[in-house]
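Reading through the structure tokens given below for one structure.
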Amino acid sequence: MQLRYAFRLDPGPGQRVALARAFGCASRVVYNDAVAARERARREGAAFPSAGALSKMLITEAKRSPGRQWLSEVSAVILQQALRDVERAYTNFFSSLKGGRQGARVGAPRFKSKRDARQAIRFTANARWKITEAGRLLLPKIGEVKVRWSRPLPSVPSSVTVIRDAAGRYFASFVVETDPGADLARMPEADSLPRVGIDLGLTHFAVLSDGRVIDSPRFLRRAEKKLKKAQRELSRKQKRSKNREKARLRVARAHAQVADGRREFHHQLSTRLIRENQAVAVEDLAVKGLARTRLGKSVHDAGWAQFLAMLEYKAQRYARVFVKVGRFEPTSQVCSVCGVKDGPKPLHVRTWTCTHCGTVHDRDHNAAKNVKQAAGLAVTACRAQVRPGLVPAQREEAGSRGIHTGVRAAQRHSTR
178 MQLRYAFRLD PGPGQRVALA RAFGCASRVV YNDAVAARER ARREGAAFPS AGALSKMLIT
238 EAKRSPGRQW LSEVSAVILQ QALRDVERAY TNFFSSLKGG RQGARVGAPR FKSKRDARQA
298 IRFTANARWK ITEAGRLLLP KIGEVKVRWS RPLPSVPSSV TVIRDAAGRY FASFVVETDP
358 GADLARMPEA DSLPRVGIDL GLTHFAVLSD GRVIDSPRFL RRAEKKLKKA QRELSRKQKR
418 SKNREKARLR VARAHAQVAD GRREFHHQLS TRLIRENQAV AVEDLAVKGL ARTRLGKSVH
478 DAGWAQFLAM LEYKAQRYAR VFVKVGRFEP TSQVCSVCGV KDGPKPLHVR TWTCTHCGTV
538 HDRDHNAAKN VKQAAGLAVT ACRAQVRPGL VPAQREEAGS RGIHTGVRAA QRHSTR
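Using my numbering, you'd call the opening residue of the sequence shown number 178 and step up by one each time.
Here it is in structure tokens:
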């Protein structure tokens with residue numbers, strides 16, 4: 178499978194100027210010219226220009242014109258990649274309109290600005306970039322850029338993307354083909370490992386079916402005071418001034434520190450769970466719906482979607498089983514011992530006693546056990562998989578009181 182490895186770059190003053198020129202030519206000028214050409218053809222009712230025609234008109238012929246001759250100062254490969262990015266953006270847009278693309282609807286490509294928070298250029302193999310013997314990244318018409326290597330690459334990368342984020346930091350993102358056999362060799366044998374169900378929440382980040390509790394670091398909440406102070410200072414600066422740009426960088430760096438800390442926490446926890454278990458079951462939460470409620474800030478601070486995405490791709494990489502349980506599964510209402518559905522419970526109820534068998538349950542721990550059982554990962558003493566049996570609906574549970582909207586149901590399950 179293909180993976181991305183990102184490393185921090187430390188370009189010199191001249192290299193920063195060259196990178197700014199490359200960002201402007203590729204990710205802004207050529208990209209915007211291609212979008213303008215497509216929009217002009219749409220207004221005139223003409224056929225969309227092909228990739229070859231755009232390349233000839235916007236790159237080859239533009240370099241010979243007085244107004245675009247400075248395009249020759251950057252690598253032609255990154256200009257071609259900008260055209261491919263436009264083509265892919267329109268393909269995704271039309272596929273989304275026709276319903277052939279899953280997820281949220283994708284909008285039409287927009288014009289890019291030099292004030293965009295993120296800028297990137299991509300070098301493929303034919304750009305003749307390489308990693309030197311001294312460990313520097315040699316980029317055409319930019320030079321040898323210092324790289325902060327944190328680990329060796331598992332194989333020769335096929336392409337590299339140079340990124341400048343909102344905080345003014347530079348990164349090199351390498352696309353690498355990994356060997357599945359080498360990946361599996363670093364992990365223990367799956368047959369000897371247990372299976373686990375995970376209940377995600379806000380009071381605790383995660384509660385596992387084996388009883389372990391992982392507290393939520395609350396990176397955004399802990400940094401709110403610093404972020405508010407930096408944002409107030411930014412609001413007082415005069416627009417378009419150098420002091421405002423300095424204040425904007427301070428705000429961006431504070432947010433980047435929060436995002437980096439959250440991402441590192443997710444990576445460490447997801448790797449540990451995949452390493453220690455042969456199968457992992459989680460609940461398919463309605464994160465977008467929860468983010469529109471009064472709990473929105475806490476939901477964004479937890480970063481459930483990013484964490485689940487990491488669990489999924491790491492399970493695929495290391496040959497583990499990853500199961501998502503439906504978001505409408507009543508994991509907080511069912512007794513994990515006898516399987517009786519005991520009805521909905523308010524959020525402030527953290528422990529409850531089953532009316533059928535008398536077992537006292539911790540709300541989150543019981544939900545994690547039900548997630549594991551609903552995924553079919555629970556086993557008996559003879560190693561056979563089991564699911565909770567069907568139980569008759571109790572009299573007081575019948576009727577419309579058991580019907581909830583998707584957002585309310587997901588909110589009830591995720592905040593156990």
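Here a beta-carbon is modelled for each residue, glycine too, at the ideal position from N, C-alpha and C.
Determine the closest residue to Glu354 out of Leu314, Arg494, Val251, Ile451, with distance taken between C-alpha atoms.
Along the sequence shown, read from residue 1 onward, the residue named residue 354 stands at position 177. Of the listed residues, the one whose Cα sits closest to Glu354 is Arg494.
With 16 other CB atoms within 10 Å as the buried threshold, where does Asp210 fall?
The residue labelled residue 210 in the question sits at position 33 within the sequence shown. So Asp210 ends up on the buried side.
Sequence-distant residues of its chain with Cβ nearer than 6 Å to Asp539 (five each side left out):
For the purposes of this step, residue 539 is taken as the residue at position 362 of the sequence shown. Thr528.
What ranges does the beta strand (DSSP E) occupy inside the stretch 429-516, keeping only unbroken runs of at least 3 residues that lie completely in it?
456-460, 498-502
Ala230 by DSSP, collapsed to three states: which one?
Locating residue 230 in the sequence shown gives position 53, counting from the first residue. Looking at Ala230 - three-state DSSP - the assignment turns out to be helix.
Note down the Cα distance separating Ala383 from Val511, rounded to an integer number of angstroms.
Sequence index remark: in the sequence shown, residue 383 carries index 206 (1-based). Sequence index remark: in the sequence shown, residue 511 carries index 334 (1-based). Taking the straight line joining both Cα atoms gives about 19 Å.
Which two residues bound the contiguous alpha helix (DSSP H) that contains Gln258?
Locating residue 258 in the sequence shown gives position 81, where the first residue counts as 1. It spans 253-274 - the alpha helix (DSSP H) in which Gln258 sits, taken as one unbroken run.
Residues bridged to Trp529 by DSSP?
Indexing the sequence shown from 1 puts residue 529 at position 352. Paired residues: His538.
Should Val352 and Ser335 be called a contact, given that it needs their Cβ atoms to be closer than 7 Å?
Translated into the one-based positions of the sequence shown, residue 352 becomes position 175. Translated into the one-based positions of the sequence shown, residue 335 becomes position 158. Yes, these two residues count as a Cβ contact at 7 Å.
If distances are taken between C-alpha atoms only, which option among Arg292, Arg497, Lys522 comes closest to Thr508?
For this step, residue 508 is matched to residue 331 along the sequence shown. For Thr508, the nearest C-alpha among the options comes from Lys522.
On the DSSP bridge assignment, give the partners of Glu321 in chain order.
Within the sequence shown, the letter at position 144 stands for residue 321. Beta-bridge pairing links Glu321 to Leu315.
Are the CB atoms of Val502 and Val537 within a distance shorter than 7 Å?
What you label residue 537 is simply residue 360 of the sequence shown in a count that begins at 1. What you label residue 502 is simply residue 325 of the sequence shown in a count that begins at 1. No. Outside cutoff.
Okay, do the stretch 437-449 and the stretch 469-483 touch, 3+ Cβ pairs below 8 Å being the bar?
yes
In terms of alpha-carbon separation, which member of Ala552, Ser475, Ala311 lies closest to Lys323?
Reading the sequence shown from its first residue, position 146 is the one you call residue 323. Measuring from the Cα of Lys323, the nearest candidate turns out to be Ala311.
Let me make sure I understand the geometry here. Which of Ala266, Leu411, Arg399, Lys289 has the alpha-carbon closest to that of Arg278?
Walking along the sequence shown from the start, residue 278 turns up at place 101. When each option's Cα is compared against that of Arg278, the closest is Ala266.
How is the beta strand (DSSP E) around Arg372 delimited, first residue to last?
Position 195 of the sequence shown holds residue 372. Start and end: 372-377.
Have a look at Pro243, Leu248, Gly229, Lys275 and flag the residue whose alpha-carbon is nearest the alpha-carbon of Glu264.
Translated into positions along the sequence shown, residue 264 becomes position 87. Of the listed residues, the one whose Cα sits closest to Glu264 is Gly229.
Limits of the alpha helix (DSSP H) - the one that Arg363 falls within:
In the sequence shown, counting from the first residue as 1, residue 363 sits at position 186. Taken as a continuous stretch (DSSP letters only), Arg363 belongs to no alpha helix (DSSP H), as it is neither H nor E.
Alpha carbon to alpha carbon, how far is Lys474 from Ala281? Give it in angstroms, no decimals.
By one-based count along the sequence shown, residue 281 stands at place 104. By one-based count along the sequence shown, residue 474 stands at place 297. C-alpha separation (whole angstroms): 21 Å.
Excluding sequence positions up to five away, which residues of its chain have a Cβ less than 8 Å from the Cβ of Arg181?
By 1-based counting over the sequence shown, the position of residue 181 is 4. Cβ neighbours of Arg181 beyond the five flanking positions: Ser350, Phe351, Val352, Val353.
Cα separation between Val514 and Val459?
The count along the sequence shown starts at 1 and reaches residue 514 at position 337. The count along the sequence shown starts at 1 and reaches residue 459 at position 282. About 19 Å.
Alpha-carbon to alpha-carbon, Met487 and Leu330
As a first step, residue 330 must be located in the sequence shown, where it is residue number 153. As a first step, residue 487 must be located in the sequence shown, where it is residue number 310. Cα to Cα, Leu330 sits roughly 20 Å from Met487.
Please name the residue, chosen from Leu426, Val251, Asp519, Arg245, that lies closest to Asp342 on a Cα-to-Cα basis.
The residue you call residue 342 lines up with position 165 of the sequence shown. Measuring from the Cα of Asp342, the nearest candidate turns out to be Leu426.
According to DSSP, simplified to helix, strand and coil, what is Arg413?
By one-based count along the sequence shown, residue 413 stands at place 236. Helix, per DSSP.
DSSP three-state assignment for Arg193, whether helix, strand or coil:
For this step, residue 193 is matched to residue 16 along the sequence shown. In this structure, Arg193 counts as helix in the three-state DSSP scheme.
Are three or more beta carbon pairs between the stretch 356-370 and the stretch 199-218 nearer than 8 Å?
no
Leaving out five residues before and five after Arg119 in sequence, what residues of the same chain have Cβ atoms less than 8 Å from its Cβ?
Any property of residue 119 remains undetermined from this structure, which presents the chain solely from 178 to 593.
Consult DSSP for Ala285 and reduce its assignment to one of helix, strand or coil.
Here residue 285 is taken as the residue at index 108 of the sequence shown, counted from 1. DSSP places Ala285 in coil when its eight states are reduced to three.
For Asp360 and Arg398, I'd like the C-alpha separation in whole angstroms.
Here residue 360 is taken as the residue at index 183 of the sequence shown, counted from 1. Here residue 398 is taken as the residue at index 221 of the sequence shown, counted from 1. Distance between the alpha carbons of Asp360 and Arg398: 36 Å.
Thr309 versus Gly345 - alpha carbon distance:
Taking the first residue of the sequence shown as position 1, residue 309 is located at position 132. Taking the first residue of the sequence shown as position 1, residue 345 is located at position 168. When rounded, the distance between both Cα atoms is 25 Å.
Count the C-beta pairs between the stretch 448-455 and the stretch 405-415 that are closer than 8 Å, then say yes if the count reaches three, no if not.
no
For Lys307, which three-state DSSP category applies?
The residue labelled residue 307 in the question sits at position 130 within the sequence shown. In the structure shown, Lys307 sits in a strand (DSSP, three-state: E or B).
How many angstroms separate the CA atom of Gln246 from the CA atom of Glu422?
Taking the sequence shown and counting its residues from 1, the one referred to as residue 246 is at position 69. Taking the sequence shown and counting its residues from 1, the one referred to as residue 422 is at position 245. So the alpha carbons of these two residues sit roughly 30 Å apart.
By the 10 Å Cβ neighbour count, where 16 or more other Cβ atoms means buried, how is Trp306 classified, buried or exposed?
Translated into positions along the sequence shown, residue 306 becomes position 129. Trp306 should be labelled buried.
Cβ-based neighbour list, Ser332, same chain, cut-off 8 Å, excluding 5 preceding and 5 following:
Here residue 332 is taken as the residue at index 155 of the sequence shown, counted from 1. So the qualifying residues of the chain are Val353, Glu354, Thr355, Asp356.
Buried or exposed: which applies to Lys291, given that a residue is buried once 16 or more other Cβ atoms fall within 10 Å of its Cβ?
Within the sequence shown, residue 291 is the residue found at index 114, counting from 1. Exposed, by the Cβ-count rule.
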